[in-house]
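Okay, so the sequence shown: first residue is 0 according to numbering that gives the first Met the number 0, each after it adds one. Think of the CB as a built atom: it goes at the ideal place given N, C-alpha and C, for glycine as much as any other residue.
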Amino acid sequence: MQHAEDKYLIAGGVMNESFQSTRLGLTGHPPVAEEIAVLRDIALCRATGSRLHVQHITTRRAIDAVRQAKAEGVKVTTEACPHHFVLTDEEIGRTFNTALRVNPPLRSEDDRQAVIEGLIDGTIDCIASDHAPHTPESKDCEFDHAPAGMIGLETTFGLVKTYLIDKGYLSWADAIAKMTINPARIFNLPGGTLAEGAPADVTIIDPDKRWTVKAEKFRSKSRNSPFVGYRLRGRVQATILGGQVVYTA
Numbered sequence: 000m001q002h003a004e005d006k007y008l009i010a011g012g013v014m015n016e017s018f019q020s021t022r023l024g025l026t027g028h029p030p031v032a033e034e035i036a037v038l039r040d041i042a043l044c045r046a047t048g049s050r051l052h053v054q055h056i057t058t059r060r061a062i063d064a065v066r067q068a069k070a071e072g073v074k075v076t077t078e079a080c081p082h083h084f085v086l087t088d089e090e091i092g093r094t095f096n097t098a099l100r101v102n103p104p105l106r107s108e109d110d111r112q113a114v115i116e117g118l119i120d121g122t123i124d125c126i127a128s129d130h131a132p133h134t135p136e137s138k139d140c141e142f143d144h145a146p147a148g149m150i151g152l153e154t155t156f157g158l159v160k161t162y163l164i165d166k167g168y169l170s171w172a173d174a175i176a177k178m179t180i181n182p183a184r185i186f187n188l189p190g191g192t193l194a195e196g197a198p199a200d201v202t203i204i205d206p207d208k209r210w211t212v213k214a215e216k217f218r219s220k221s222r223n224s225p226f227v228g229y230r231l232r233g234r235v236q237a238t239i240l241g242g243q244v245v246y247t248a
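Structure (structure tokens):
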């Protein structure tokens, strides 16, 4: 598994290197840092026949590289996160909300569209939450001093339903596969299926439930979500783990 960053190129970067970072006076985290890492490791996989999974891919050129590698038969898979197919770096200048500080950073609109295209054509195999909780105290500071990361477990399904399924980008079958079947297959994990004898790990959803994301309603102790206040359609109603109900809305 690869966290695709060249540490020498991202040193000190707190947001996507772009017009927006220049306008805001914040140190940039360049897209090429991701692209170099992805291209390098694809080349190594091509040479050795090994496997590669790229975590939270964000840039058009990195996605294009994975697409080409797959076409050549290289064993590479990848994932995307909701904040990278919903938000862009322009959001930072509107609010300076430190919940928007994340690695890899929010990218351009063109990159956001590339993530959606990759999800549609299967280049991107999985959808991951990239759940990264932080204390309110650690995020209550200047943007460039805040730790990177946002919570995502409680909003991922609603964002997938609202921004991918409802907009016609993904079918129900494709969206569910990217969150269940594909991760289980890629990482050789039990589950990801409702087949007889499989682990009784089941998520019950209401596909039409309309709800507003409220920080005080999070089960997580952390509140660092940029989606507070968003109106979403589709909500998890219950979670069954090992045959036991462990969560109800």
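Assignment of E4 by DSSP, reduced to helix, strand and coil, places it in the coil class. A check of alpha carbon separations from S17 across E4, I91, L158 identifies I91 as the nearest.
Using a 10 angstroms sphere on the CB of C80, the tally of other CB atoms reaches 16 or more, which defines it as buried. As for any beta strand (DSSP E) of minimum length 3 sitting wholly inside the region 54-108, the runs are 75-79, ordered along the chain. DSSP, read as helix, strand or coil, puts N223 in coil. Within a 10 Å sphere around the beta-carbon of L43 sit fewer than 16 other beta-carbons, which makes this residue exposed. Between the region 213-224 and the region 138-151 there are three or more inter-stretch CB-CB distances shorter than 8 Å, so the stretches are counted as touching. Per DSSP, the beta-bridge partners of Q243 are L240. Inclusion of A113 and I164 in the CB contact set at 8 Å is not warranted, their separation being larger than that value.
Taking every protein chain shown into account, the CB of Q19 has 16 or more other CB atoms within 10 angstroms, so this residue is buried. T179 and P104 have their alpha carbons spaced roughly 25 Å apart. Between D110 and R66, the CB-CB gap reaches or exceeds 8 Å. For G151 and S49, the gap between their C-alpha atoms comes out near 31 Å. Remark: three or more beta-carbon pairs, one from each stretch, lie closer than 8 Å, so the region 18-33 and the region 1-10 are flagged as touching.
For K177, the enclosing alpha helix (DSSP H) begins and ends at 171-178. Pairing E33 with K74, the inter-Cα distance amounts to about 19 Å. Per DSSP, the continuous beta strand (DSSP E) segment holding T202 begins and ends at 201-211.
For R45, the secondary structure class from DSSP, reduced to helix, strand or coil, is helix.
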